[in-house]
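Okay, so here's the structure we're looking at.
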Amino acid sequence: MDKTYEPQSIEQQCYQRWESEGLFKAKGADAPTGNPYCILLPPPNVTGSLHMGHGFQQTIMDVLTRYHRMKGDNTLWQVGTDHAGIATQMVVERQLNAQGKTRHDLGREAFIDKIWEWKEHSGGTITSQMRRLGTSPDWDREVFTMDENLSKAVTEVFVKLHEDGLIYRGKRLVNWDPVLHTAVSDLEVLNEEEAGHMWHMRYPLADGSDSIVVATTRPETMLGDTAVAVHPDDERYQHLIGKEIKLPVTGRLIPIIADDYVDPEFGTGCVKITPAHDFNDYDMGKRHNLPMINIFTPDAKLNDEAPEAYQGMDRFDARKAIVAQLEQDGVLVKIDDHKLKVPRGDRTGAVIEPYLTDQWYVAIDELAKPAIEAVESGEIRFVPENWSKTYFQWMNNIQDWCISRQLWWGHRIPAWYDNNGNVYVGRTEEEVRAKHSLTADVELKQDEDVLDTWFSSALWPFATMGWPEKTPELETFVPSSVLVTGFDIIFFWVARMIMMTKRFTGKIPFKDIYITGLIRDESGDKMSKSKGNVLDPIDLIDGIDLESLVAKRTTGMMQPQLAAKIEKRTRKQFPEGIHAYGTDALRFTFAAMASTSRDINFDMGRVEGYRNFCNKIWNASRFVLMNTETEDTGRDGGELVLSLADKWIWAQFQQTLVEFEKAISEYRFDIAAQTVYEFTWNQFCDWYLELTKPVLNNDDATEAEKRGTRHTLINVLESLLRLLHPLMPFITETIWDRVAPLSTLEFKAGDSIMVQPFPTVDAAKQDEQVLSDIEWVKRFIVGIRNIRGEMDIAPSKPLPALLRNVSSEDERRLSISRTFIDRLARLESITVLKQGEEAPASAAAVVGEMEILIPMAGLIDKEAELARIAKAMGKLEQEVARFKGKLSNEKFVSNAPEAVIEKEKAKLADSESQLAKLKAQQETIAAL
Numbered sequence: 001m002d003k004t005y006e007p008q009s010i011e012q013q014c015y016q017r018w019e020s021e022g023l024f025k026a027k028g029a030d031a032p033t034g035n036p037y038c039i040l041l042p043p044p045n046v047t048g049s050l051h052m053g054h055g056f057q058q059t060i061m062d063v064l065t066r067y068h069r070m071k072g073d074n075t076l077w078q079v080g081t082d083h084a085g086i087a088t089q090m091v092v093e094r095q096l097n098a099q100g101k102t103r104h105d106l107g108r109e110a111f112i113d114k115i116w117e118w119k120e121h122s123g124g125t126i127t128s129q130m131r132r133l134g135t136s137p138d139w140d141r142e143v144f145t146m147d148e149n150l151s152k153a154v155t156e157v158f159v160k161l162h163e164d165g166l167i168y169r170g171k172r173l174v175n176w177d178p179v180l181h182t183a184v185s186d187l188e189v190l191n192e193e194e195a196g197h198m199w200h201m202r203y204p205l206a207d208g209s210d211s212i213v214v215a216t217t218r219p220e221t222m223l224g225d226t227a228v229a230v231h232p233d234d235e236r237y238q239h240l241i242g243k244e245i246k247l248p249v250t251g252r253l254i255p256i257i258a259d260d261y262v263d264p265e266f267g268t269g270c271v272k273i274t275p276a277h278d279f280n281d282y283d284m285g286k287r288h289n290l291p292m293i294n295i296f297t298p299d300a301k302l303n304d305e306a307p308e309a310y311q312g313m314d315r316f317d318a319r320k321a322i323v324a325q326l327e328q329d330g331v332l333v334k335i336d337d338h339k340l341k342v343p344r345g346d347r348t349g350a351v352i353e354p355y356l357t358d359q360w361y362v363a364i365d366e367l368a369k370p371a372i373e374a375v376e377s378g379e380i381r382f383v384p385e386n387w388s389k390t391y392f393q394w395m396n397n398i399q400d401w402c403i404s405r406q407l408w409w410g411h412r413i414p415a416w417y418d419n420n421g422n423v424y425v426g427r428t429e430e431e432v433r434a435k436h437s438l439t440a441d442v443e444l445k446q447d448e449d450v451l452d453t454w455f456s457s458a459l460w461p462f463a464t465m466g467w468p469e470k471t472p473e474l475e476t477f478v479p480s481s482v483l484v485t486g487f488d489i490i491f492f493w494v495a496r497m498i499m500m501t502k503r504f505t506g507k508i509p510f511k512d513i514y515i516t517g518l519i520r521d522e523s524g525d526k527m528s529k530s531k532g533n534v535l536d537p538i539d540l541i542d543g544i545d546l547e548s549l550v551a552k553r554t555t556g557m558m559q560p561q562l563a564a565k566i567e568k569r570t571r572k573q574f575p576e577g578i579h580a581y582g583t584d585a586l587r588f589t590f591a592a593m594a595s596t597s598r599d600i601n602f603d604m605g606r607v608e609g610y611r612n613f614c615n616k617i618w619n620a621s622r623f624v625l626m627n628t629e630t631e632d633t634g635r636d637g638g639e640l641v642l643s644l645a646d647k648w649i650w651a652q653f654q655q656t657l658v659e660f661e662k663a664i665s666e667y668r669f670d671i672a673a674q675t676v677y678e679f680t681w682n683q684f685c686d687w688y689l690e691l692t693k694p695v696l697n698n699d700d701a702t703e704a705e706k707r708g709t710r711h712t713l714i715n716v717l718e719s720l721l722r723l724l725h726p727l728m729p730f731i732t733e734t735i736w737d738r739v740a741p742l743s744t745l746e747f748k749a750g751d752s753i754m755v756q757p758f759p760t761v762d763a764a765k766q767d768e769q770v771l772s773d774i775e776w777v778k779r780f781i782v783g784i785r786n787i788r789g790e791m792d793i794a795p796s797k798p799l800p801a802l803l804r805n806v807s808s809e810d811e812r813r814l815s816i817s818r819t820f821i822d823r824l825a826r827l828e829s830i831t832v833l834k835q836g837e838e839a840p841a842s843a844a845a846v847v848g849e850m851e852i853l854i855p856m857a858g859l860i861d862k863e864a865e866l867a868r869i870a871k872a873m874g875k876l877e878q879e880v881a882r883f884k885g886k887l888s889n890e891k892f893v894s895n896a897p898e899a900v901i902e903k904e905k906a907k908l909a910d911s912e913s914q915l916a917k918l919k920a921q922q923e924t925i926a927a928l
């Protein structure tokens, strides 16, 4: 093995080997052995690239996949990408715009051809990045939501739901993006607080007897008002209910109505009702059979429903003109500053308009009931369980689903219209004509709209398995075992998959739903490009220099001030750029952070720490190989005599294995990672390797004893590598290739670690007595080492040790572990004091009831040591005072971010802890 661990030199080579040898493939639906274990990859957008959320979730999915594959299960990780209607169309349209063209210049068919061309050459970014992360899905089964077989499933579902009366077309209010000219889902709308105004307007009664004041944040929408509402119990306005007002600017007469929705405590208690441009007003309009007047064109300009003077004006220009008119007419009462939530399209940044259009809908109630029951009954389980409450809240208040989008890229709606406006739904135009006896002279035109991408994604669990055909995969891998996803799409994707899968297969889509937290930066802020705190997983794997990182973060920032701010932040946070940590360190970091928390703060320090963990494994493996590669490890027979340490490390490994598998079964990847980290670093590397040296380097040890220790070294390491493999695939594969030939297990030549069996618990190696014996030894050795550290005694200096209060159990343990203690504690002698025997002035350590005494005569210069300690205490006292002063400064505490304050508190606690230790040392030495 190379002296140093260099992940860049091993990772690509490993992955190419795995993929070329087909090691990720599922055994198939007709596999003779192994329980089916299936994970569905939430299909990332074909336009996307790997971000921290992807890296986090895909690491978890790969850990589960590799683990169950090694457990012998018939494991399938179904992979694929989503056609991402809006995002993909925008990418290709931008390319055309750069050439001075639009999609309309090409026409629909040619434009779609352009998108397929783009997809062929540029649409595989995220899947290539997934390979860099070490993911192991069955790439041979990779699908795309616009593939022919998936498109067939989409058409089939649409037609069947329409035949069942669950899909209909109707005019309703939708989120409308005036730049894209399409309806968008709630998930594609960002509601962020912005500074705005509240305009108060006086609406006069038609008979001139009185007036009422209403307030609005969108005065331009008054042109579409069809009522003013008050609460039926509001005494101020009861005498006005049923009367009419004369709408300013337009002169239209509209009624005053009563509705319980109105909050009499808010504003004036009078609410203008614009049913065609507000979702709440729309519901009220339906309750009271109000006219729905749409005043906007698809690009948010005023249409011919507005007074002539405003027709063709942009909505915000119209706002200014209308306010001016209201002021001129003397009906503008006042204008207040007002913070409001502004809905903006996540792709365009345009203010989203509630807009009344004809769209296709799924009537959802009938589909929702079985989906609710599946979770209520426990057939489907949320992990953590509390997310089921969110699911029920959404599902019990579910609304019909708008599934049409005014785009060219996507699954074309299988509906045709004749010249009389009749609509026909079918799988093809030929089927429609045959079904409805339409002759060739009847002209039909297919619906221009496409389906919402969430519609095709909802079919993912069964469409990827070959539905509507009755395939073996459909029988074997539905339901899948677990879905790993985020809480933000429980309704948009998870719930819809449950509804559709239950409807069309009669099965649930998955048994468990593991909801991950959201990855935030180390300060707890959401990662966003505008904040300049986004991390690219590939940058953490490969490293990136500062200038490249700055350029990457600021490119495309339209505002120079924002770009400068991001550059400053980046230079401060990463003055040397980002180091190359390798994939395994990043994967282990993701696993170690996978707790039950809703928000997870990503700490670069942990990646650094787990990179050191990789180094530790590498160097430990080199030590093992140096002591076994040319030596007898018992592979060819021979007597094996295991030392106490050999028995202990095997017992410790069994305990680790039990805890690891329990954590994986409970989706506690953080506990699994901590468990294996603790064993690897502290037990195997720090203790066991040291405990082997008194045997391997002891001329008095027999060959059987040395063979037993070498046998244990190589076999525990080999088993540990298999335990670590799901978390850290690359380093374990590379080391295992060298270790496996030396172990006593039989492996086929050239086989990969990933197809080997996962370690199993060996009851014969579980030994509580051995575990407690070595814990006693460790406490003994640590006690001596602590005395050396506290008294500043050189590690190499042999020490005499006196023992007091020694029990028979202590004597037994001392007799079986004397070789380890003498070598690792560097003792020249051990003397057991008799009952009541006096000891000279000594430093002491305690192991249970037994005291370990190290006589200090001749070992330290008492006065010099006290002076050194006093000087160190003085510095620490100054630090403590400085931290306390900072934390008692009200200005600092009120202005500093919470994360900064917590760091200062941690520094104070650390300094106080060090000071306490020095005081204890001072007291001990002073007493000598």
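Numbering (the UniProt record's numbering), first residue to last: 1 to 928.
All C-beta atoms in this analysis are idealised placements derived from N, C-alpha and C, irrespective of residue type, glycine included.
Item                                                                                                                                                                : Value
Among the residues of its own chain, which have a CB less than 6 angstroms from the CB of Ile257, if the five just before and after it don't count?                 : Ala227, Ala229, His288
Could you name the residues that DSSP lists as bridge partners for Val425?                                                                                          : Ala415
Going by Cα to Cα distance, which pick from Ala594, Ile901, Thr75, Leu727 is closest to Gly53?                                                                      : Ala594
Compare the beta carbon distance of Leu133 and Leu50 with 8 angstroms and say whether it is the shorter of the two.                                                 : yes
Three-state secondary structure (DSSP) at Leu824?                                                                                                                   : helix
Less than 8 angstroms between the C-beta atoms of His411 and Val154, yes or no?                                                                                     : yes
For Trp199, tell me which candidate among Gln406, Val333, Thr554, Gly170 has the shortest Cα-Cα distance.                                                           : Val333
Could you check where the alpha helix (DSSP H) with Gly345 kicks off and where it finishes?                                                                         : Not the alpha helix (DSSP H): Gly345 falls in the beta strand (DSSP E), residues 332 to 345.
Taking the alpha helix (DSSP H) that Asn619 belongs to, which residues open and close that run?                                                                     : 604 to 628
Residue range of the alpha helix (DSSP H) that Glu902 falls in?                                                                                                     : 898 to 926
For the alpha helix (DSSP H) containing Gln57, list its first residue and its last residue.                                                                         : 52 to 70
Quick one: what's got a C-beta closer than 7 angstroms to Ala906's C-beta in the same chain, skipping five residues either side?                                    : none
Beta carbon of Lys765, beta carbon of Trp648: below 8 angstroms?                                                                                                    : no
Cutting at 7 angstroms between CB atoms, please list the residues of its own chain near Gly719, excluding the five before and the five after it.                    : Here residue 719 is Ser; the residue named in the question, Gly, does not match the sequence. Cβ neighbours of Ser719 beyond the five flanking positions: Phe653, Pro759.
State the beta-bridge partners of Leu253 as determined by DSSP.                                                                                                     : Lys246
Can you grab the Cα-Cα spacing for the pair Gln2 / Val695, in whole Å?                                                                                              : A small correction: the amino acid at residue 2 is Asp; Gln does not occupy that position in the sequence shown. Going by the C-alpha atoms only, they are around 26 angstroms apart.
Please tell me whether Trp416 and Glu429 are closer than 8 angstroms, where the distance is taken between their beta carbons.                                       : yes
When DSSP builds the beta bridges, which residues end up paired with Ala845?                                                                                        : Ile852
Determine the extent of the beta strand (DSSP E) in which Glu194 is found, giving its start and end residues.                                                       : 189 to 204
Decide yes or no for the touch test of the region 179 to 191 against the region 85 to 94: beta carbon pairs closer than 8 angstroms, at least 3 of them.            : yes
Closest to Phe588 by C-alpha separation, out of Val658, Leu518, Gln674, Pro248, would be which residue?                                                             : Gln674
Among the residues of its own chain, which have a CB less than 7 angstroms from the CB of Leu76, if the five just before and after it don't count?                  : Ala26, Cys38, Asp138, Phe477
What residue does the beta strand (DSSP E) around Phe382 start on, and which one ends it?                                                                           : 381 to 383
Only counting the same chain, and skipping five residues up and downstream in sequence, which positions put a Cβ closer than 8 angstroms to that of Leu190?         : Pro343, Arg344, Gly345, Asp346
In chain order, what are the residue ranges of uninterrupted alpha helix (DSSP H) at least 4 long that sit wholly in the region 96 to 161?                          : 103 to 106, 108 to 122, 125 to 132
How many Å lie between Gly80 and Gln129 at the Cα?                                                                                                                  : 13 angstroms
When the Cα of Gly783 is compared with those of Pro729, Met850, Met754, Thr819, which residue comes out closest?                                                    : Met850
Considering just the uninterrupted stretch of the beta strand (DSSP E) at Lys171, what are its terminal residues?                                                   : 167 to 177
Using C-beta distances below 8 angstroms, list every residue in its chain close to Gly170, excluding the 5 sequence neighbours before and after it, in chain order. : Asp358, Gln359, Tyr361
Using beta-carbon positions only, say whether Ile541 and Tyr581 come within less than 8 angstroms of one another.                                                   : yes
Where does Pro840 land, buried or exposed, given buried means 16+ other C-beta within 10 angstroms?                                                                 : exposed
If we count the other Cβ atoms within 10 Å of its Cβ and call it buried at 16 or more, is His231 buried or exposed?                                                 : buried
For Asn627, is the classification buried or exposed, using 16 other Cβ atoms within 10 angstroms of its Cβ as the cut-off for buried?                               : buried
Between which residues of its own chain and Ile578 is the CB-CB distance below 7 angstroms, once the five residues before and five after are set aside?             : Asp539, Leu540, Gly543, Ile544, Leu549
What do you get for Ala857, buried or exposed, if any count of 16 or more other CB atoms within 10 angstroms of its CB means buried?                                : exposed
Buried or exposed: where does Tyr237 fall if 16 or more other Cβ atoms within 10 Å of its Cβ makes it buried?                                                       : buried
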